[in-house]
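Every number in my numbering is 4 more than the matching position in the sequence shown, counting from 1.
Inspection log for the structure reproduced underneath, given as structure tokens.
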Amino acid sequence: MNLKKALSRAREILAGNNIEDATLEAELLLEYALKISRVQLYLDLEHELTPQQEQKFWRLVERRLGGEPTAYITGHCEFYSLDFYVDHTVLIPRPESELLVEKALELAQNRHLPTIADIGTGCGAIAISLALELPWAKIYATDISAAALEVALVNCQKHGVTDRIRLLQGDMLEPLPEPIDLIIANLPYVKKSEIIPKSFEPRLALDGGAEGTERISQLCRQANSKLSPGGHLLLEMGQGQSRVVTTLLHSLFPDGEIEVTADLGGIERVLRLSLTASKDKVVG
5 MNLKKALSRA REILAGNNIE DATLEAELLL EYALKISRVQ LYLDLEHELT PQQEQKFWRL
65 VERRLGGEPT AYITGHCEFY SLDFYVDHTV LIPRPESELL VEKALELAQN RHLPTIADIG
125 TGCGAIAISL ALELPWAKIY ATDISAAALE VALVNCQKHG VTDRIRLLQG DMLEPLPEPI
185 DLIIANLPYV KKSEIIPKSF EPRLALDGGA EGTERISQLC RQANSKLSPG GHLLLEMGQG
245 QSRVVTTLLH SLFPDGEIEV TADLGGIERV LRLSLTASKD KVVG
């Protein structure tokens with residue numbers, strides 16, 4: 005079987021099992037099996053696979069059919085046009101989370117943001133994307149999982165930003181050593197009842213409690229003691245959570261400015277809280 009036939013057959017099998025982007029996933033699995041690039045794949049479509057290569061490729065396809073994400077199979081995920089190493093100890097970065105990076109860069113264009121913190125950093129995708137775009141910023145990246153921080157360190161080394169990002173283990177904002185000008189958080193926001201029992205992704209990175217907003221609410225209540233005067237908070241949320249989070253922040257920071265931005269699917273995905281220079285105080 006040559007590469008062209010293998011690719012076509014894998015695409016049919018994946019699509020027939022309701023796997024989205026079957027063409028792309030088939031390409032990624034074949035490239036990984038053969039240790040070749042996409043360009044090499046399409047330059048040599050008539051190349052015949054060895055029996056060993058065929059066996060390896062179809063084993064990868066079987067893993068994908070079993071529900072294992074391609075990013076975990078290959079150990080790679082693209083985010084903000086960058087390549088990141090991922091394993092089962094971290095959540096796979098989602099395209100919609102790129103909106104957090106875009107909003108952070110918009111803020112940085114018009115405001116002085118010398119300190120930034122990425123909370124629940126996982127593989128480090130958001131912190132590293134910002135470090136590469138904002139070389140003057142001091143960036144902290146926190147996670148409660150030591151295993152996740154090991155993955156983030158690998159990615160910091162991969163992208164040459166180990167001297168720019170300080171990795172801190174701890175629960176959300178607690179390990180931050182100083183007031184922060186911009187806090188970014190993509191925390192767990194899936195309802196406990198909606199988590200797939202045998203999910204390949206770490207439950208710790210998914211479980212947002214009964215309503216999905218437990219961890220987000222906890223961070224909002226911590227923010228007052230960690231945000232600098234005039235600081236900003238960027239939060240990613242799940243579908244239908246905008247009103248609850250907005251109401252909470254209005255009660256905590258009555259004079260703060262709040263903006264909600266929808267993603268490409270029309271879901272209100274990112275919330276920005278901006279404090280006044282005198283710093284709004286928590287009510288109560």
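The beta carbon of each residue, even a glycine, is placed where N, CA and C say it ideally should be.
Every value quoted in this text rests on a predicted model; they were computed, and no experiment measured them.
Contact defined as beta carbons within less than 8 Å: I believe residue i pairs with residue j. What is the distance between those atoms, to the nearest angstrom?
i	j	result
Ala-156	Thr-119	In fact, because the Cβ distance is near 18 Å, the residues do not count as touching under 8 Å.
Met-241	Ile-220	7 Å
Gly-235	Ile-184	6 Å
Ile-169	Ala-131	5 Å
Thr-265	Lys-60	Contact flag wrong, Cβ pair sits at about 43 Å.
Ala-150	Ile-187	Not a contact, Cβ separation roughly 22 Å.
Leu-239	Val-249	7 Å
Ser-12	Tyr-84	No, Ser-12 and Tyr-84 are not in contact; Cβ-Cβ is about 31 Å, not under 8 Å.
Leu-136	Asp-267	About 22 Å; that fails the 8 Å criterion.
Leu-38	Gln-56	Between Gln-56 and Leu-38 the Cβ distance is about 11 Å, and since that is not below 8 Å, they are no contact.
Going by DSSP, name the residue or residues bridged to residue i.
i	result
Val-274	Glu-240 and Thr-265
Ile-220	Looking at the DSSP assignment, Ile-220 forms no beta bridge with any residue, so it has no partner.
Lys-142	Thr-119
Asp-211	Val-194
Asp-259	DSSP output for Asp-259 lists no bridge partner at all.
Asp-147	Gln-173
If you reduce the DSSP assignment to three classes, tell me which class residue i lands in.
i	result
Gly-234	strand
Ile-188	strand
Arg-170	strand
Thr-251	helix
Asn-6	strand
Val-194	strand
Leu-18	helix
Asn-228	coil
Cys-127	coil
Ala-135	helix
Gln-245	coil
Glu-154	helix
Leu-180	coil
Ser-12	helix
Lys-202	coil
Glu-110	helix
Ile-23	coil
Contact criterion: CB-CB distance below 9 Å. Does residue i meet it with respect to chain B?
i	result
Val-65	You won't find chain B in this structure, because it holds only one protein chain.
Is residue i near the ligand SAH, going by C-beta to nearest heavy atom under 8 Å?
i	result
Arg-15	Within the structure as shown, the ligand SAH is missing, as the structure has no ligands at all.
So does the stretch 274–283 actually touch the stretch 241–259, counting three or more Cβ pairs closer than 8 Å? yes
- Query: Whole alpha helix (DSSP H) runs in the stretch 26–105 with 4 or more residues, listed along the chain?
  - Reply: 26–38, 42–47, 55–69 and 74–78
Notebook entry, point to check: Given 8 Å as the limit, is there contact between the stretch 128–143 and the stretch 164–177, that is, 3 or more CB pairs closer than that?
Noted result: yes
Quick check: the stretch 85–94 against the stretch 40–53, are there 3 or more CB pairs under 8 Å?
-> no
- Three or more beta-carbon pairs under 8 Å between the stretch 27–36 and the stretch 67–74, yes or no? yes
Check your understanding: Can at least three beta-carbon pairs, one atom from the stretch 209–216 and one from the stretch 76–90, be found at a separation below 8 Å?
Key -> no
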